[in-house]
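Sequence lines, in order, name chains Y and C.
For the record, in the first sequence the residue sitting at position 33 is 149 according to my numbering, with numbers rising by one throughout.
For the record, in the second sequence the residue sitting at position 43 is 159 according to my numbering, with numbers rising by one throughout.
Every residue, glycine too, gets a C-beta built ideally from N, C-alpha and C.
Since the model is a prediction, treat every value here as computed from it, not as a measurement.
Accompanying notes for the structure given below.
Protein chains: 2
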Amino acid sequence: MTRDRIIDEALAIVESDGVDQLSMRKLAAQLGTAPTTIYWHVGGREQLLDALVERYTSRLVASAVSGRSPAERIVSAARQFRDHARDHPHLSAVAHERGLGATVALPLQLALARELTAAGLRGRRAGRAMRTILYVVGGFVLLEPRLPPATPARRPSEDLWRDVEDADIDLGILQEMRAPPDLGDVFEHTLELLVAALLRGARPAR
Amino acid sequence: MTRDRIIDEALAIVESDGVDQLSMRKLAAQLGTAPTTIYWHVGGREQLLDALVERYTSRLVASAVSGRSPAERIVSAARQFRDHARDHPHLSAVAHERGLGATVALPLQLALARELTAAGLRGRRAGRAMRTILYVVGGFVLLEPRLPPATPARRPSEDLWRDVEDADIDLGILQEMRAPPDLGDVFEHTLELLVAALLRGARPAR
DNA sequence: ACCTGAACACCGTTCAAGT
DNA sequence: ACCTGAACACCGTTCAAGT
């Protein structure tokens, strides 16, 4: 038995079935060994989860940013956070829980920072833009897997809104809230609006 | 023993110590009864959590929106989501996990919808604005308790950024990312920007 | 150095038995 | 109708004992 084998096996379980399905005893059984062996090689459950995230992080690479205009490239960099979280929802969740979210996200953050710089933002304004985009995107990425259809709600928002009668609320809002959301559309729309506002007046560095 | 006493006690535990600290056996001991009594009165753990959220929701009331301009009032309505989540982080988390987030949030959502309508937004545009604000705020509210200082990260973002050397990244971004974030400031700044963009050209209803 | 079984202190849940 | 204890099938973790 080796530390590597244990971590690989655990990583596979978490990636496919989520962290709830990972137990020291089940993992040991699956590896054909005693639970205590895991303790010797990697330590307790928390250390195992940390090791998982570390291995996963080391495999990560930011893919290339696309788009011609600065705004397009910034949105493209931001989209990578979402794409990544959608591809590895369970591991993203574990990384966050273990306080390692920043470690996982760093390569993507650097790519975004470069695009903001290339767009001509400087100083305090650039810093603010970075934080703003980061938190909007980070929040969206946390929100998405908790929304239907990823997680079916027992009291879906649409149903609750169907019972709403309020003359002070516009019909367009009622219609929107009574239909299932198009998350991709909201993501793109929000980012475009935000990036446009953040870039207003900035001149791309040559 | 009554159903009400059980739920109240469980609610108190979750509210103060979080859902991880709620166990059927500990709760029973605290109530001076056998675990099985809880099963008779409210059912298993999941049903107990649902009952918790239901009771909590029934106590909720949206407080009044403040501000003179439409934009100020919209931001004020949005801010209530954050204030509420900060006041009851554990219960918000449980509501989300149990797919009851929409139920809890509905009163606040209605207040926001009314302000958007009062600001003069109509139809498809009003619907989109609603979703946009809702998801930005909802995401922020999920993100905030996972960020330092609420949850101390083992590899804080600030530390990771201290080691970054990259001529293609503006110094303002590096400085911002190396300092602890002012979450309240980011929240306000993001919302003001977003609401301004969403309201552009809209005329308040009479 | 590496692996084991036994044991401890917990869980949630079921069910037959009591009153 | 309401409550109980015993039992089942799980957990994570420790530790003395083996090789």
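Would you check if the distance between the CB atom of residue 130 (chain Y) and the CB atom of residue 207 (chain Y) is smaller than 8 Å?
Position 14 of the first sequence, counted from the first residue, corresponds to residue 130 (chain Y). Position 91 of the first sequence, counted from the first residue, corresponds to residue 207 (chain Y). For residue 130 (chain Y) and residue 207 (chain Y), yes; Cβs fall inside 8 Å.
Using 8 Å for Cβ pairs, my map puts residue 320 (chain Y) next to residue 223 (chain Y). What's the rounded Cβ distance?
As a first step, residue 320 (chain Y) must be located in the first sequence, where it is residue number 204. As a first step, residue 223 (chain Y) must be located in the first sequence, where it is residue number 107. Actually they do not touch by this definition, with Cβ atoms about 23 Å apart.
To the nearest angstrom, report how far apart residue 248 (chain Y) and residue 292 (chain C) are at their CA atoms.
Counting from one through the first sequence, the residue named residue 248 (chain Y) turns up at place 132. Counting from one through the second sequence, the residue named residue 292 (chain C) turns up at place 176. Roughly 11 Å between the two C-alpha positions.
Starting from residue 123 (chain C), find everything on chain Y with Cβ-Cβ shorter than 9 Å and list it in chain order.
For this step, residue 123 (chain C) is matched to residue 7 along the second sequence. Those do not exist, as residue 123 (chain C) stays about 18 Å from chain Y at its closest Cβ, beyond 9 Å.
Residue 309 (chain C) touches chain Y at which residues, Cβ-Cβ below 8 Å?
As a working note, residue 309 (chain C) is residue 193 in the second sequence. In chain order: 248, 310, 313, 314.
According to DSSP, simplified to helix, strand and coil, what is residue 306 (chain C)?
As a working mapping, residue 306 (chain C) is identified with position 190 in the second sequence. In this structure, residue 306 (chain C) counts as helix in the three-state DSSP scheme.
Pull up the distance between the alpha-carbon of residue 188 (chain Y) and that of residue 312 (chain Y), whole angstroms please.
For the purposes of this step, residue 188 (chain Y) is taken as residue 72 along the first sequence, with counting starting at 1. For the purposes of this step, residue 312 (chain Y) is taken as residue 196 along the first sequence, with counting starting at 1. For residue 188 (chain Y) and residue 312 (chain Y), the distance between alpha carbons rounds to 10 Å.
By the 10 Å Cβ neighbour count, where 16 or more other Cβ atoms means buried, how is residue 239 (chain C) classified, buried or exposed?
Along the second sequence, one-based indexing puts residue 239 (chain C) at 123. It is exposed - the Cβ of residue 239 (chain C) has fewer than 16 other Cβ atoms within 10 Å.
Could you list the residues in the stretch 179 to 199 of chain Y with a C-beta less than 7 Å from some C-beta on chain C, going in chain order?
Within the stretch 179 to 199 of chain Y, no residue has a Cβ that lies closer than 7 Å to any Cβ of chain C.
What residues from the stretch 249 to 278 of chain Y come within 7 Å of chain C, judged by C-beta to C-beta, listed N to C?
Those would be 251, 252, 254, 255, 256, 258, 259, 262, 267, 268, 269, 270, 271, 272, 273, 276, in chain order.
Enumerated in chain order, which unbroken segments of the alpha helix (DSSP H) with a length of 4 residues or greater are wholly contained in the stretch 130 to 214 of chain Y?
Fully enclosed alpha helix (DSSP H) runs of 4 or longer: 140 to 147, 151 to 157, 161 to 175, 186 to 203, 205 to 213.
Whole-angstrom Cβ separation of residue 296 (chain Y) and residue 274 (chain Y), contact assumed at under 8 Å?
In the first sequence, counting from the first residue as 1, residue 296 (chain Y) sits at position 180. In the first sequence, counting from the first residue as 1, residue 274 (chain Y) sits at position 158. Residue 296 (chain Y) to residue 274 (chain Y), Cβ: 6 Å. Contact.
Under 6 Å Cβ to Cβ from residue 193 (chain Y), same chain only, skipping five residues before and after it: list those, please.
Indexing the first sequence from 1 puts residue 193 (chain Y) at position 77. Taken in chain order, the residues that qualify are 181, 227, 228, 231.
For residue 203 (chain C), I'd like the list of residues in its chain whose CB is within less than 7 Å of its CB, leaving aside the five on either flank, ordered along the chain.
As a first step, residue 203 (chain C) is located in the second sequence; it is residue number 87 there, counting from the start. No residues qualify anywhere along the chain.
Might you give, ordered along the chain, the residues of its own chain that have their beta carbon closer than 6 Å to the beta carbon of residue 151 (chain C), omitting 5 neighbours on each side?
Here residue 151 (chain C) corresponds to residue number 35 of the second sequence, with the count starting at 1. Within the same chain, residue 151 (chain C) has close Cβ partners 140, 141, 144.
With distances taken from CA atoms, which of C:123, C:190, C:148, C:183 is nearest residue 160 (chain C)?
Translated into positions along the second sequence, residue 160 (chain C) becomes position 44. Per the Cα distances, C:123.
From residue 252 (chain Y) to residue 252 (chain C), what does the alpha carbon distance come to, in whole angstroms?
What you label residue 252 (chain Y) is simply residue 136 of the first sequence in a count that begins at 1. What you label residue 252 (chain C) is simply residue 136 of the second sequence in a count that begins at 1. Approximately 6 Å, taken between the alpha carbons.
Say whether chain Y places a C-beta atom closer than 8 Å to the C-beta of residue 133 (chain C).
To locate residue 133 (chain C), count along the second sequence from 1; it is residue 17. Closer than 8 Å: no.
Nearest to residue 272 (chain Y) by CA position, among C:266, C:220, C:307, C:183, is which residue?
By one-based count along the first sequence, residue 272 (chain Y) stands at place 156. Measuring from the Cα of residue 272 (chain Y), the nearest candidate turns out to be C:220.
Measuring straight from C-alpha to C-alpha, what distance separates residue 213 (chain Y) and residue 118 (chain C)?
Counting from 1 along the first sequence, the entry for residue 213 (chain Y) is found at position 97. Counting from 1 along the second sequence, the entry for residue 118 (chain C) is found at position 2. Approximately 36 Å between the Cα atoms of the pair.
Output, in chain order, the set of chain C residues within a Cβ distance shorter than 8 Å of residue 212 (chain Y).
Here residue 212 (chain Y) is taken as the residue at index 96 of the first sequence, counted from 1. Ordered by position in chain C, the residues that pass the 8 Å Cβ test against residue 212 (chain Y) are 262.
In chain C, what lies closer than 7 Å to residue 302 (chain Y) by C-beta?
Translated into the one-based positions of the first sequence, residue 302 (chain Y) becomes position 186. The answer, in chain order, is 247, 248, 251.
For the stretch 222 to 233 of chain C, which residues have a CB atom closer than 8 Å to at least one CB atom of chain Y, in sequence order?
Flagged, chain order: 222, 225, 226, 229, 230, 232, 233.
Determine the extent of the alpha helix (DSSP H) in which residue 255 (chain Y) is found, giving its start and end residues.
If you number the first sequence from 1, residue 255 (chain Y) lands on position 139. Here the alpha helix (DSSP H) through residue 255 (chain Y) covers 239 to 259.
According to DSSP, is residue 127 (chain C) helix, strand or coil?
In the second sequence, the residue the question calls residue 127 (chain C) occupies position 11. If DSSP states are grouped into helix, strand and coil, residue 127 (chain C) belongs with the helices.
How close, in whole Å, do the beta carbons of residue 243 (chain Y) and residue 288 (chain C) come, if the pair is a contact with beta carbons under 8 Å?
Reading the first sequence from its first residue, position 127 is the one you call residue 243 (chain Y). Reading the second sequence from its first residue, position 172 is the one you call residue 288 (chain C). Sure, about 4 Å apart at Cβ, within 8 Å.
Within 10 angstroms of the Cβ of residue 286 (chain C), are there 16 or more other Cβ atoms? Answer buried if so, exposed if not.
For this step, residue 286 (chain C) is matched to residue 170 along the second sequence. By the neighbour-count rule (16 or more Cβ atoms within 10 Å), residue 286 (chain C) is buried.
With a 10 Å radius around its C-beta and 16 neighbouring C-beta atoms as the bar for buried, classify residue 283 (chain Y) as buried or exposed.
Locating residue 283 (chain Y) in the first sequence gives position 167, counting from the first residue. The residue is exposed, with fewer than 16 neighbouring Cβ atoms inside 10 Å.
Using a C-beta cutoff of 8 Å, does residue 158 (chain C) count as contacting chain Y?
The residue given as residue 158 (chain C) occupies position 42 in the second sequence. No, residue 158 (chain C) does not count as interfacial toward chain Y.
Residue 218 (chain C) versus chain Y: which residues are under 8 Å apart at the beta carbon?
Within the second sequence, the letter at position 102 stands for residue 218 (chain C). Result: 269, 271, 272, 273, 276.
Short check: CB of residue 135 (chain Y) to CB of residue 257 (chain Y), under 8 Å?
Against the first sequence, residue 135 (chain Y) aligns to sequence position 19. Against the first sequence, residue 257 (chain Y) aligns to sequence position 141. Contact flag unset, no.
Roughly how many whole angstroms lie between the Cα atoms of residue 298 (chain C) and residue 262 (chain C)?
As a first step, residue 298 (chain C) is located in the second sequence; it is residue number 182 there, counting from the start. As a first step, residue 262 (chain C) is located in the second sequence; it is residue number 146 there, counting from the start. Going by the C-alpha atoms only, they are around 14 Å apart.
Taking Cβ positions, are residue 178 (chain C) and residue 196 (chain C) nearer each other than 8 Å?
On the second sequence, position 62 is the one that residue 178 (chain C) refers to. On the second sequence, position 80 is the one that residue 196 (chain C) refers to. Yes. Within cutoff.
Are residue 147 (chain C) and residue 170 (chain C) touching if we call contact CB-CB under 8 Å?
Here residue 147 (chain C) refers to the residue found at position 31 of the second sequence. Here residue 170 (chain C) refers to the residue found at position 54 of the second sequence. Against a cut-off of 8 Å, the Cβ pair of residue 170 (chain C) and residue 147 (chain C) comes out as no contact.
Using the C-alpha atoms, what's the distance from residue 255 (chain C) back to residue 157 (chain Y)?
Against the first sequence, residue 157 (chain Y) aligns to sequence position 41. Against the second sequence, residue 255 (chain C) aligns to sequence position 139. The alpha-carbon atoms of residue 157 (chain Y) and residue 255 (chain C) are separated by roughly 38 Å.
Does DSSP classify residue 319 (chain C) as helix, strand or coil?
Counting from one through the second sequence, the residue named residue 319 (chain C) turns up at place 203. Of the three classes helix, strand and coil, the one that applies to residue 319 (chain C) here is coil, per DSSP.
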